[in-house]
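When we follow this note's numbering, the leftmost residue of the sequence shown carries the number 27, and every step to the right adds one.
Note that beta-carbon positions come from the ideal geometry of N, C-alpha and C, so glycine has one too.
Working notes, beginning with the structure itself.
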Amino acid sequence: MGNTYCILGGCIDQASVGVVERWGRFEHIAEPGCHFFNPLAGQWLAGVLSTRINSLDVKIETKTKRIINFNFEFSLDNVFVQLVCSIQYRVVKASADDAFYELQNPREQIQAYVFDVVRALVPMMTLDALFEQKGEVAKSVLEELEKVMGAYGYSIEHILMVDILPDPSVRKAMNEINAAQRLQLASVYKGEAEKILQVKRAEAEAESKYLGGVGVARQRQAITDGLRENIMNFSSKVEGTSAKEVMDLIMITQYFDTMRDLGNSSKNTTVFLPHGPGHVRDISDQIRNGLMEAASAHVSDV
Numbered sequence: 027m028g029n030t031y032c033i034l035g036g037c038i039d040q041a042s043v044g045v046v047e048r049w050g051r052f053e054h055i056a057e058p059g060c061h062f063f064n065p066l067a068g069q070w071l072a073g074v075l076s077t078r079i080n081s082l083d084v085k086i087e088t089k090t091k092r093i094i095n096f097n098f099e100f101s102l103d104n105v106f107v108q109l110v111c112s113i114q115y116r117v118v119k120a121s122a123d124d125a126f127y128e129l130q131n132p133r134e135q136i137q138a139y140v141f142d143v144v145r146a147l148v149p150m151m152t153l154d155a156l157f158e159q160k161g162e163v164a165k166s167v168l169e170e171l172e173k174v175m176g177a178y179g180y181s182i183e184h185i186l187m188v189d190i191l192p193d194p195s196v197r198k199a200m201n202e203i204n205a206a207q208r209l210q211l212a213s214v215y216k217g218e219a220e221k222i223l224q225v226k227r228a229e230a231e232a233e234s235k236y237l238g239g240v241g242v243a244r245q246r247q248a249i250t251d252g253l254r255e256n257i258m259n260f261s262s263k264v265e266g267t268s269a270k271e272v273m274d275l276i277m278i279t280q281y282f283d284t285m286r287d288l289g290n291s292s293k294n295t296t297v298f299l300p301h302g303p304g305h306v307r308d309i310s311d312q313i314r315n316g317l318m319e320a321a322s323a324h325v326s327d328v
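Pasting the structure below:
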C-alpha cells in the first residue's frame with residue numbers, strides 16, 4: 027500500500043500577513059511569501075490581513091455650545107454642524123490574530139468611538155472655538171481610539187479634522203457679521219483720516235494767513251521806508267519845505283497816478299470817486315494816518 031499526501035500551497039502578498047489555523051484553532055501568523063499547508067493535519071489558511079495604512083472618513087453631525095446673553099436670548103451658537111474626520115489606521119503585525127478574531131467589523135467600531143468622543147466634546151464649545159480648537163478635538167479622538175483599538179490589534183496612526191460644515195444659513199450669518207465688523211472698522215479709520223485732513227487743512231490755513239499778514243506788514247513797512255526816504259531827500263534839496271508839505275505832495279502824486287492807472291486799464295468797470303482839493307486832502311490824511319499806524323505797529327513789534 028502506498029501513502030497518500032495532500033499538501034496545499036498559498037502565497038501571501040507583501041504588506042500582508044496570513045492567519046493559519048489547525049483544526050479550527052489559531053496556530054500562527056504567516057509572513058509574506060509562499061507557504062504550504064497540510065489539510066490532512068487540519069492546517070489551512072483562515073484569512074489574510076493587510077498591514078497597510080487604511081483611511082476611514084467619518085461624518086459626524088453634532089451641535090455647538092448654547093450661550094445665553096443678558097436678555098436670556100439664544101445667541102448665534104447652539105447650531106448644528108457637520109464634521110468630517112479622517113482616521114488613518116493599520117493592523118499591528120504582532121497582534122494580527124487579535125485584529126482577525128476580536129472584531130468583526132473594525133470600521134464600524136472605529137466610527138462608533140469617533141461619534142462618542144466628538145459628540146461629547148463639541149457641545150462644550152462655541153462655533154468659533156470649534157474652528158480654533160479643531161486640533162484639540164482630533165487629539166482627544168486619537169487618545170481615545172488608541173486606548174480602545176490598541177487592545178484589538180489596531181494602531182491609530184493619524185486623525186485629521188478635515189472639514190467643519192455649519193448650516194448654510196449659519197455660514198451666511200457669520201459672513202454678514204464679519205462684513206459688518208470690517209465696515210465698522212473701516213468707518214473708524216475713515217473718520218480718523220478725515221480728522222487728520224481737517225486738522226492739517228486748518229494748520230495750513232492758519233500758516234497761510236500768518237504768512238500773508240507778515241507779507242502785508244513787510245509791504246507796508248517798505249512803503250513807509252520809501253516815503254520817509256523821499257521826504258528826507260526832498261526836504262534836503264528844497265529849502266523851506268516841511269515834512270507835512272512834502273507828504274501832501276507825495277499823496278497827491280500817488281492819487282493822480284492811481285486815477286491814471288484806473289483809466290488805462292481796459293478791464294475795470296466805471297468807478298465813481300469824489301474829486302476836488304478838499305477830497306484830495308482827506309485822502310492824503312487817511313493815507314498818512316495809515317502809514318503812521320503801520321510804522322508804530324512795526325516799532326512795537328521790534
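What does the alpha-carbon distance come out to for the pair residue i and residue j?
i: Ala155; j: Ser76; result: 38 Å
i: Ala248; j: Ile257; result: 14 Å
i: Lys160; j: Glu169; result: 14 Å
i: Met175; j: Ala122; result: 12 Å
i: Ala138; j: Leu171; result: 10 Å
i: Pro65; j: Arg48; result: 9 Å
i: Pro58; j: Cys37; result: 7 Å
i: Gly241; j: Glu220; result: 31 Å
i: Asn290; j: Gly217; result: 53 Å
i: Ala67; j: Glu134; result: 36 Å
i: Ile55; j: Met151; result: 46 Å
i: Asp287; j: Thr279; result: 12 Å
i: Gln245; j: Asp283; result: 19 Å
i: Phe100; j: Ala205; result: Residue placement at Phe100 cannot be trusted, given a pLDDT of 44 that sits under 50; what the coordinates show is reported in the next sentence. Cα-Cα distance, rounded: 22 Å.
i: Ser166; j: Cys60; result: 42 Å
i: Glu53; j: Gln130; result: 20 Å
i: Asp251; j: Tyr215; result: 53 Å
i: Met200; j: Gln108; result: 16 Å
i: Ser262; j: Arg254; result: 12 Å
i: Gln237; j: Glu231; result: The residue you asked about is not Gln; residue 237 is Leu in the sequence shown. One C-alpha to the other measures close to 10 Å.
i: Lys226; j: Lys235; result: 14 Å
i: Met285; j: Gln224; result: 44 Å
i: Pro132; j: Gln207; result: 47 Å
i: Ala228; j: Gly239; result: 16 Å
i: Arg92; j: Lys173; result: 31 Å
i: Tyr281; j: Glu233; result: 34 Å
Among the options, which has the Cα closest to the Cα of residue i?
i: Ile190; options: Glu162, Met258, Ala177, Phe157; result: Phe157
i: Glu128; options: Ala177, Ser81, Ile136; result: Ala177
i: Ser81; options: Leu237, Gly238, Ala232, Ile136; result: Ile136
Just mark residue i as buried or exposed, buried being the case when its beta carbon has 16 or more other beta carbons within 10 Å.
i: Ile79; result: exposed
i: Met277; result: buried
i: Asp39; result: exposed
i: Pro192; result: buried
i: Leu153; result: buried
i: Phe126; result: buried
i: Phe98; result: Because Phe98 carries a pLDDT of 46, less than 50, the predicted location of this residue cannot be relied on, and no value is offered for it.
i: Ile222; result: exposed
i: Phe62; result: exposed
My understanding is that residue i touches residue j, with C-beta atoms under 8 Å, so please give their C-beta distance in whole angstroms.
i: Thr88; j: Arg51; result: Not really, about 44 Å apart at Cβ, beyond 8 Å.
i: Ile203; j: Val140; result: No, Ile203 and Val140 are not in contact; Cβ-Cβ is about 31 Å, not under 8 Å.
i: Thr90; j: Val110; result: Rounded, the Cβ-Cβ distance is 16 Å, inconsistent with contact.
i: Val148; j: Met187; result: In fact, because the Cβ distance is near 10 Å, the residues do not count as touching under 8 Å.
i: Asp83; j: Ser112; result: 5 Å
* Between the stretch 67 to 76 and the stretch 38 to 46, are three or more C-beta pairs nearer than 8 Å? -> yes
* Are the stretch 179 to 197 and the stretch 107 to 123 touching, with three or more C-beta to C-beta distances below 8 Å? -> yes
* Asked: Is it true that the stretch 209 to 221 meets the stretch 192 to 200, where meeting means three or more beta-carbon pairs spaced less than 8 Å apart?
  -> no
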